[in-house]
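To keep things clear, I will list the structure first and then write my remarks on it.
There are 2 protein chains.
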Amino acid sequence: MAPLKVGIAGLGTVGAEVVRLIEEQGRLLSARSGRGIRVVAVTARSKVKKRGVNLRGIEWAKSPLALATDPNVDCFVELMGGSGDPAFSAIEAALKAGKSVVTANKALIARHGIRLAKAAEKHGGTLNFEAAVAGGIPIIKTLREGLAGTTVNRVYGILNGTCNYILSRMEQEGLTFAECLKDAQRLGYAEANPSFDVDGHDTAQKLAILASLAFGTKVSQSAIYVEGISSIKPEDLRAAEELGYRVKLLGVAVRTAKGIEQRVHPTMVPKSSSIAQVMGVTNAVTIDGEGIPPITLVGPGAGGAATAASVIADIADIARGVHTTPFGRPVEKLRETKKAPMERHEGGYYIRLMARDVAGTAAKIATHLAKEKISLESIVQRHPDGIDPTGAGKSSPMPIILITYATHEDAVRRALAAVQHDKIINGKPQVIRIEKN
Amino acid sequence: MAPLKVGIAGLGTVGAEVVRLIEEQGRLLSARSGRGIRVVAVTARSKVKKRGVNLRGIEWAKSPLALATDPNVDCFVELMGGSGDPAFSAIEAALKAGKSVVTANKALIARHGIRLAKAAEKHGGTLNFEAAVAGGIPIIKTLREGLAGTTVNRVYGILNGTCNYILSRMEQEGLTFAECLKDAQRLGYAEANPSFDVDGHDTAQKLAILASLAFGTKVSQSAIYVEGISSIKPEDLRAAEELGYRVKLLGVAVRTAKGIEQRVHPTMVPKSSSIAQVMGVTNAVTIDGEGIPPITLVGPGAGGAATAASVIADIADIARGVHTTPFGRPVEKLRETKKAPMERHEGGYYIRLMARDVAGTAAKIATHLAKEKISLESIVQRHPDGIDPTGAGKSSPMPIILITYATHEDAVRRALAAVQHDKIINGKPQVIRIEKN
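In order, the protein sequence lines correspond to chains A and B. Quick note on numbering: the first sequence equals residues 1 to 437 in this note's numbering. Quick note on numbering: the second sequence equals residues 438 to 874 in this note's numbering.
The following block contains the structure:
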């Protein structure tokens, strides 16, 4: 069979690595996929930039769109990024021309995935995006193919290495969020404008894709509740540690009686869970299937080589003639996401309050919680720096840490609003949701 | 498209669950695979046994072979087990008749995998065996397809739930191997004759399959060094804990300069590694790819529902028309396994010796190790039950625990033979290999 002719748009770290791997591993790849794979054309913003790969004999296309519609290209690989053009138009044009497409672009798939999947189905092409979520972990393939016979009840994970790096260092070294963010930026783990990562939006885009594959619903970013990690304090991580938990930024999608609940927020997970062990920039995803114990995949979430390996696996699948619908079933069978409102979320909560005057405050807080039928699993009054509050420390605010049994989010919100209304605490209550395994 | 007609041989826990899942999840499955899936015929030893599934409208074949060659069957599913007949002949007959085959039979694939893969290739069928290794974890698909572009340097894991259950309980409760084995048998985790599990043979069969997929070599059980867990003592687990390790029965296949080293033995793994966190009957596999951080998959290694889910995923792939070579590349491209001899294994070692007379013994042991150029990372002389050996305890044997830096297996063997020859220790030295992540 003639080799699969690949065109690559975008020659950053990942794109250059893909070119290099296809050249170096040509024989391995053709043995594995039963068909040769050859890069015939590329394009990128700069033609002259040094990339450390040999582009001799490879055509330079004048634009992503020209590459996507080049009759000499069988498989269009989009590695430019960005949720709009030129990536979107180029991918759509390639699919409309009957080509297969591989992309690592989570933003684009989260935003336009359904429209592109329709185009792929209509014109008989394949749309693969393994590298879009948890870079080097084969989570898309696992959900799409490996669990074809499993009814998924929950999928959750650490999908952003930057946040996990920051939380791991805060926990291990007792540092503040700001200190760890600065280090992450210095090490290249975080952008100059870190909001997209630390505010949870990157995780939300990835979660939207996983939820669609897991539950057969249409990708919908707007169905996701999002909360970032910037409010997490070292004292929260210390308290978590003492209570047997770790704090992770999780993306969680779970089937409930009220619909599919999709949420991104700092989460307390039991220290013994697989996901709690995942430190640093590593990613992890856990899948709870009906009637079976959880499956967890752990591995690199980013990095040129890991991402490129996933792109190559997607290309090899196309070379082998594997044809799957992009979201695991035809678009017409994907249901609209019924969004479970966050106020109806049920679970345990960690609540940290700075009580102004301890003696009366604890009782008042307890009354407000009781009014909302919230039961407490534990309550810890923490003497800051070991000062005994019965003595000189009496006037300084004292942290009270509550762990609730499973309750409703709106009950927690109402109880804490009442506490704030009483003016018995300083600042805002800190609330972290607990996720049991 | 006409539905895929499935014939199932073997209606134990897994077989019955597969029938039930196909019936219950018919719509989900056809949405996911783009084609209906229907069980048209079954066979098992007893036709009258109660199985809790509805077999009405399903033909009862008079033998596995008759089912395998039934012209009405597109896909033959073998769930009888056993490395010989009737499973082997039935699968071969089905493949020769151009059918696709799904099996959960590790013993058969480890023994006859290459011959069956040849038959599949020759007659255009598919041979899928996701459930054969680590039951509910999609490790076959990950190695075969998800890492198509990755050069694997090492694959290792906890592949036997019985052994991990025993070691976990020994560690957590300070019990002996015999006590935990008895409990495992009572709970149904271990067979009446536990040798196949606890002596490492089950792990070896699974490792042989993983190694073939990872390195593109022919499955070869005889290339594997095998050692079980029955010699592990609670004091080894205690010492491991103190030194920052846990003991797991691992199957390890690693690319070395001398060939592919394949080994099954109790192994000390750093407590911080993903694999060390895996407790109880859970399985886990870690893959080290060239230039990328490790990927670890954790999940159920056995159990009817988890195994059945993997069988269903294999059937769904066949329904979708996914065609892969059984070992990830054509049989003619699989190399003969070049077995790296265990004597040339390089790594760190944990050694526990019962010294007869402490004063002179430590020095003599050190001399023997130095003669073999073995350097020590740590040495611990342990006073049993806190008795001070300078006092009354002097005559009772005292454990000496050594952790070596990386050295050669044959050097360790020679040094310990010399120590034994000196008659300065009681009994045999305990040796546990260390695997770094």
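Yeah, the Cβ is synthetic: ideal placement off N, Cα and C, and Gly gets one too. From a predicted model like this one, the values you see are computed outputs, not experimental measurements.
Q) Can you list, in chain order, the residues of its chain whose CB lies under 6 Å from that of T150 of chain A, leaving out five sequence neighbours each side? A) Here residue 150 of chain A corresponds to residue number 150 of the first sequence, with the count starting at 1. Here the set comprises G289.
Q: Can you tell me which of the three DSSP states N128 of chain A falls into?
A: To locate residue 128 of chain A, count along the first sequence from 1; it is residue 128. DSSP places N128 of chain A within a strand segment (E or B) once states are collapsed to three.
Q. On the three-state DSSP scale, how would you describe S220 of chain A?
A. As a first step, residue 220 of chain A must be located in the first sequence, where it is residue number 220. The answer is coil: DSSP assigns S220 of chain A none of H, G, I, E or B.
(Q) To the nearest angstrom, how far is the alpha carbon of G444 of chain B from that of D511 of chain B? (A) Locating residue 444 of chain B in the second sequence gives position 7, where the first residue counts as 1. Locating residue 511 of chain B in the second sequence gives position 74, where the first residue counts as 1. One Cα belongs to G444 of chain B, the other to D511 of chain B, and the distance between them is close to 8 Å.
Q: At 7 Å on the CB atoms, spell out the chain A contacts of T579 of chain B, in chain order.
A: For the purposes of this step, residue 579 of chain B is identified with residue 142 of the second sequence, where counting begins at 1. Ordered by position in chain A, the residues that pass the 7 Å Cβ test against T579 of chain B are P138.
Q) Name the chain B residues whose beta carbon is nearer than 7 Å to that of V14 of chain A? A) Locating residue 14 of chain A in the first sequence gives position 14, where the first residue counts as 1. Taking a Cβ-Cβ cut-off of 7 Å, V14 of chain A has no neighbours in chain B, whose nearest Cβ is about 12 Å from it.
Q: Look at the Cβ atom of A453 of chain B, then the Cβ atom of R482 of chain B, and state whether they are nearer than 8 Å.
A: On the second sequence, residue 453 of chain B is found 16 positions in, with the first residue counted as 1. On the second sequence, residue 482 of chain B is found 45 positions in, with the first residue counted as 1. No. Outside cutoff.
Q: Please list, in chain order, all residues of the same chain as R144 of chain A whose beta carbon is under 8 Å from its beta carbon, the five residues on each side excluded.
A: Counting from 1 along the first sequence, the entry for residue 144 of chain A is found at position 144. Hits under 8 Å: L213, T324, F327 and G328.
Q: Check the Cβ of D511 of chain B against every Cβ in chain A and list those closer than 8 Å, keeping chain order.
A: Position 74 of the second sequence, counted from the first residue, corresponds to residue 511 of chain B. Within 8 Å Cβ-Cβ: nothing; D511 of chain B doesn't reach chain A, min ~17 Å.
Q. Can you tell which of A:L65, A:G98 and A:N72 has the C-alpha that lies nearest to the C-alpha of F88 of chain A?
A. As a first step, residue 88 of chain A is located in the first sequence; it is residue number 88 there, counting from the start. Selection A:L65, A:G98 and A:N72 evaluated against F88 of chain A yields A:L65 as nearest (Cα-Cα).
**Q.** Nearest to I595 of chain B (by Cα), restricted to the options B:K860, B:A852 and B:I724
**A.** Numbered from its first residue, the second sequence carries residue 595 of chain B at position 158. With distances taken between Cα atoms, I595 of chain B lies closest to B:I724.
**Q.** Minimum Cβ-Cβ distance from R766 of chain B to chain A less than 8 Å
**A.** Against the second sequence, residue 766 of chain B aligns to sequence position 329. It does; some Cβ of chain A falls within 8 Å.
Q: Output the distance between the C-alpha atoms of E628 of chain B and E698 of chain B, rounded to the nearest integer angstrom.
A: To locate residue 628 of chain B, count along the second sequence from 1; it is residue 191. To locate residue 698 of chain B, count along the second sequence from 1; it is residue 261. Between E628 of chain B and E698 of chain B, the C-alpha separation is close to 29 Å.
Q.
So, for I495 of chain B: in the same chain, excluding its five sequence neighbours on each side, which residues have a beta-carbon less than 6 Å away from its beta-carbon?
A. Position 58 of the second sequence holds residue 495 of chain B. Shown here for I495 of chain B: same chain residues with a beta carbon closer than 6 Å to its own, the five before and five after excluded, namely V476 and V479 in chain order.
Q. What's the gap between the Cα of G797 of chain B and the Cα of I816 of chain B?
A. Numbered from 1 along the second sequence, position 360 holds the residue referred to as residue 797 of chain B. Numbered from 1 along the second sequence, position 379 holds the residue referred to as residue 816 of chain B. For G797 of chain B and I816 of chain B, the distance between alpha carbons rounds to 15 Å.
Q) Would G505 of chain A count as contacting chain B if we go by Cβ distances under 8 Å? A) Because residue 505 of chain A is not part of the residues shown, which for chain A are 1 to 437, the question remains open.
(Q) Which complete alpha helix (DSSP H) runs does the segment 139–198 of chain A hold, if anything under 4 residues is left out? (A) Contiguous alpha helix (DSSP H) elements confined to the segment 139–198 of chain A occur at 161–173, 177–186 and 195–198, taking only those with 4 or more residues.
Q.
Using only the alpha-carbon positions, how far apart do G124 of chain A and D317 of chain A sit?
A. The residue you call residue 124 of chain A lines up with position 124 of the first sequence. The residue you call residue 317 of chain A lines up with position 317 of the first sequence. Within the model, the alpha-carbon separation for G124 of chain A versus D317 of chain A is close to 15 Å.
**Q.** Residue environment, V485 of chain B, which counts as buried when at least 16 other CB atoms sit within 10 Å
**A.** As a first step, residue 485 of chain B must be located in the second sequence, where it is residue number 48. It is exposed - the Cβ of V485 of chain B has fewer than 16 other Cβ atoms within 10 Å.
(Q) So that I know if they touch, is there some Cβ in chain A lying closer than 8 Å to that of V479 of chain B? (A) Here residue 479 of chain B refers to the residue found at position 42 when the second sequence is read from its first residue. Judged by the 8 Å Cβ criterion, V479 of chain B is not in contact with chain A.
Q) Counting along the chain, where does the beta strand (DSSP E) carrying G251 of chain A start and finish? A) Residue 251 of chain A sits at position 251 when you count from the first residue of the first sequence. Element bounds for G251 of chain A: Y245 to T256.
Q | Run of the beta strand (DSSP E) containing K423 of chain A, from where it starts to where it stops | A | One-based indexing of the first sequence puts residue 423 of chain A at position 423. Per DSSP, K423 of chain A belongs to no beta strand (DSSP E) and is neither H nor E.
Q. Hey, how far is the Cα of A94 of chain A from the Cα of H112 of chain A?
A. Looking up residue 94 of chain A in the first sequence gives position 94. Looking up residue 112 of chain A in the first sequence gives position 112. One C-alpha to the other measures close to 15 Å.
Q.
I'd like to know whether the C-beta atoms of G611 of chain B and P671 of chain B end up nearer to each other than 8 Å.
A. To locate residue 611 of chain B, count along the second sequence from 1; it is residue 174. To locate residue 671 of chain B, count along the second sequence from 1; it is residue 234. The answer is yes: Cβ separation under 8 Å.
**Q.** the segment 643–659 of chain B contacting the segment 613–622 of chain B, beta-carbon criterion three pairs below 8 Å
**A.** At 8 Å Cβ cutoff, the stretches do not touch.
Q | Identified DSSP bridge partners for R433 of chain A | A | Within the first sequence, numbered from 1, the residue matching residue 433 of chain A stands at position 433. Paired residues: A:T267 and A:Y349.
Q) Which first and last residues belong to the alpha helix (DSSP H) in which P64 of chain A is found? A) Taking the first residue of the first sequence as position 1, residue 64 of chain A is located at position 64. In the DSSP assignment, P64 of chain A falls within the alpha helix (DSSP H) that extends over P64 to A68.
Q: Enumerate in chain order the residues of its own chain whose CB-to-CB distance from Y602 of chain B is below 6 Å, with the five nearest sequence positions on each side excluded.
A: If you number the second sequence from 1, residue 602 of chain B lands on position 165. Here the set comprises A621, Y626, G717 and V718.
**Q.** chain B contacts made by the segment 280–295 of chain A, where a contact means CB separation under 9 Å
**A.** For chain B, the residues of the segment 280–295 of chain A that bring a beta carbon within less than 9 Å of one of its beta carbons are V281, T282, A284, T286, I287, G289, E290, G291, I292, P293, P294 and I295, in chain order.
Q) So is G146 of chain A in contact with chain B if we call contact Cβ pairs under 8 Å? A) If you number the first sequence from 1, residue 146 of chain A lands on position 146. Cβ-Cβ to chain B under 8 Å: yes for G146 of chain A.
**Q.** Helix, strand or coil at R488 of chain B according to DSSP, with G and I counted as helix
**A.** Position 51 of the second sequence, counted from the first residue, corresponds to residue 488 of chain B. The answer is coil: DSSP assigns R488 of chain B none of H, G, I, E or B.
(Q) Between which residues of its own chain and V849 of chain B is the CB-CB distance below 8 Å, once the five residues before and five after are set aside? (A) The sequence position of residue 849 of chain B within the second sequence is 412, counting from 1. Here the set comprises Y786, I788, E809, I811, T841 and V868.
Q | Residue(s) in a DSSP beta bridge with I403 of chain A | A | Translated into positions along the first sequence, residue 403 of chain A becomes position 403. Under DSSP, I403 of chain A takes part in a beta bridge, and its partners are A:Y350 and A:S378.
(Q) Based on DSSP bridge pairs, tell me the residues matched to T761 of chain B. (A) In the second sequence, the residue the question calls residue 761 of chain B occupies position 324. T761 of chain B pairs with nothing; no bridge assigned.
Q. When DSSP builds the beta bridges, which residues end up paired with A41 of chain A?
A. The sequence position of residue 41 of chain A within the first sequence is 41, counting from 1. Note: A41 of chain A is bridge-paired with A:G7 and A:E59 in the DSSP secondary-structure output.
Q: Could you please give the first and the last residue of the uninterrupted beta strand (DSSP E) stretch that includes V538 of chain B?
A: Indexing the second sequence from 1 puts residue 538 of chain B at position 101. Its beta strand (DSSP E) spans residues S537 to T540.
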